[in-house]
Amino acid sequence: MKNIIKVVMKMFVKEIIEIKKPTFSFEIFPPKSGGNLESIYGTVDALASLMPDFISVTYGAGGSSRENTVEIASVIQNKYNIPTLAHLTCVGSTKDQMDNILKELDEKGVKNILALRGDLNELSTLGDFKYASDLISYIKNKYHFNIVSACYPEKHLEAYSIVEDLKHLRSKVDSGTDMLVSQLFFDNQAFYNFAEKARSIGINVPIVAGIMPITSSKQIERMVSLCGATVPESVQRFIRAYGHNSMAIKEAGIAYATRQIIDLLASGVDGIHLYTMNQADIAKRIAENIRGILYALRVKRE
Ligand code: FAD
C-alpha cells in the first residue's frame, strides 16, 4: 500500500468542465456559528460517495461560519480529494482580511473561488470591495485561482432590468470570471432565455445551472422571497396538494428537480450544481435518477 501514489485532485473548474462537461456538483453550507462542525462531515461522507465533479462551500455573514468555510473547503480538497469551490463575499471585508483568507486557501490547495458581493442588510457594510467585479479583479491580479461568479436567470433582485443585470454580468466576466453558476430557478425556459441573451452579448464562459429541490412549502416561500424566482403553476399545484405532508412534498420536489435536470442536460447545459441544503439523502436520490443519463452523455462526447 505504501507505494501507491495518491492522485490529488487539485483541479481548476475550467479544466473540470473541459474534461467532464456536463458536470454534476453540489453546494453545502457550514453549520451556523456555534454549530457542530463534525456534523457537516457526515454530509460530506455521503455526498463524496456520489462522486461529484466538485463541491462548493458557502460563506456566511461573519464570525466563525467564515472560518468554517476555509476549514471545510480544505478538508474536502485534501481529505476527500474532491475539487473544491470556496465561496467568498465582499461584505464587511477589507483587502487585508481578504488576503489572509485567500493566502490560507491557496496554501491549503483550494484552486477555485466563487467571488460574490454578498447580500446586504441594514447591519452590513461592504468594506473595500463594492461589487463582485471589484473582488474578481483583485483576486485575478494577485493570485492564481479560477474564479466562478453568480448569475441570475430571472435577474438579480436589485437590478432594474435583465439588460442592466446582463451588462454588469459582462463586467464580471471581463474582470476574470472563468465560469458562472446560476441562481436557482424552477422554469427552465427562464434559464434558456437568459443563456441565449448572455451569449448574444459575448458572455462565452460555461454557465452551470443551479438547481434547488423543493423539500417543504416553508423552504420554497423563504427562497422565493430571497431571490425572486418565479414559481410555475405546476409547482404551486403540487405544493398546495402535498405541502401538508413532509414525505409527499419531498417526493414531488425530487421528481420535479429530476425532470428539470433531465431537460437541461438534453439541451446541452454545461453543468448542474445542486443546492443540497446539506440533505445528502435528497442529493443521493437525484444523483441516482440521473446517473445513467450523465454516463450516456459523457460516453457520447468521447
Ligand atoms: P454583484 O455581481 O456585485 O451584483 C449585485 C447587484 O449590483 C446586481 O443587481 C448587479 O446588477 C449590480 N451591479 C453589479 N455591478 C454593478 C456596477 N458596476 N454598477 C451598478 N450596479 C452593479 N451569498 C452569501 O452571502 N454567501 C454565499 O456563499 C453565497 N453563495 C451564492 C452562490 C450563488 C450561485 C448565488 C447565485 C448567490 C450566492 N449568494 C451568496 C448570494 C449573493 O451574495 C447575492 O445574490 C448578492 O446580493 C449578489 O451577489 P453578486 O456576487 O451576484 O453581486
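So the sequence shown is numbered by my numbering: it starts at 189 and just counts up by one.
The beta carbon of each residue, even a glycine, is placed where N, CA and C say it ideally should be.
Because the structure is a prediction, the values reported are computed rather than measured.
Asked                                                                                                             : Found
Uninterrupted beta strand (DSSP E) stretches inside the segment 252–306 (no shorter than 3 residues)              : 272–277 and 300–304
Cβ-heavy atom distance, Gln285 to the ligand FAD, below 7 Å                                                       : no
Contacting residues, own chain, Cβ-Cβ under 7 Å from Leu238 (five flanking each side not counted)                 : Ala471, Lys472 and Ala475
First and last residue of the uninterrupted alpha helix (DSSP H) at Ile478                                        : Ala468 to Arg489
Residues bridged to Ile395 [DSSP beta-bridge criterion]                                                           : Leu368
Straight-line gap, Leu323 to Lys360 (C-alpha atoms, nearest Å)                                                    : 9 Å
Contained beta strand (DSSP E) runs [length at least 3] in the segment 315–370, N- to C-terminal order            : 334–339 and 367–370
Tyr247 beta carbon near the ligand FAD (any heavy atom closer than 7 Å)                                           : yes
Cross-strand partners of Ser244 (DSSP beta bridge)                                                                : Glu215 and Leu273
Cutoff 8 Å: Lys291 Cβ touching any chain D Cβ                                                                     : Reference to chain D is not applicable here, since this structure consists of a single protein chain.
Leu235 vs Phe214 beta-carbon contact at 8 Å                                                                       : yes
First and last residue of the uninterrupted alpha helix (DSSP H) at Leu462                                        : Counting along the chain, Leu462 falls outside any alpha helix (DSSP H), though it belongs to the beta strand (DSSP E) covering Gly459 to Tyr463.
Spatial neighbours of Ala261 in its chain, beta-carbon cut-off 6 Å, leaving aside the 5 residues before and after : Val245, Thr272, Ala274 and Val298
Any non-hydrogen atom of the ligand FAD within 7 Å of Tyr326 CB                                                   : no
Other residues of its chain near Ala445: CB distance less than 7 Å, five sequence neighbours each side excluded   : Ile399, Pro401 and Ile474
When Gly280, Leu302 and Val232 are compared against Asn269, the one with the closest alpha-carbon                 : Val232
Cβ contact (3+ pairs, closer than 8 Å) linking the segment 375–392 and the segment 426–435                        : no
Residue range of the unbroken alpha helix (DSSP H) whose run includes Val201                                      : Val201 to Lys208
Cβ-Cβ distance between Arg305 and Thr277 below 8 Å                                                                : yes
Reduced DSSP secondary structure (H/G/I, E/B, other) of Ser413                                                    : helix
Status (buried if at least 16 other CB within 10 Å, exposed otherwise) for Val487                                 : exposed
Integer-rounded CB distance, given that Val279 should sit under 8 Å from Leu308                                   : 7 Å
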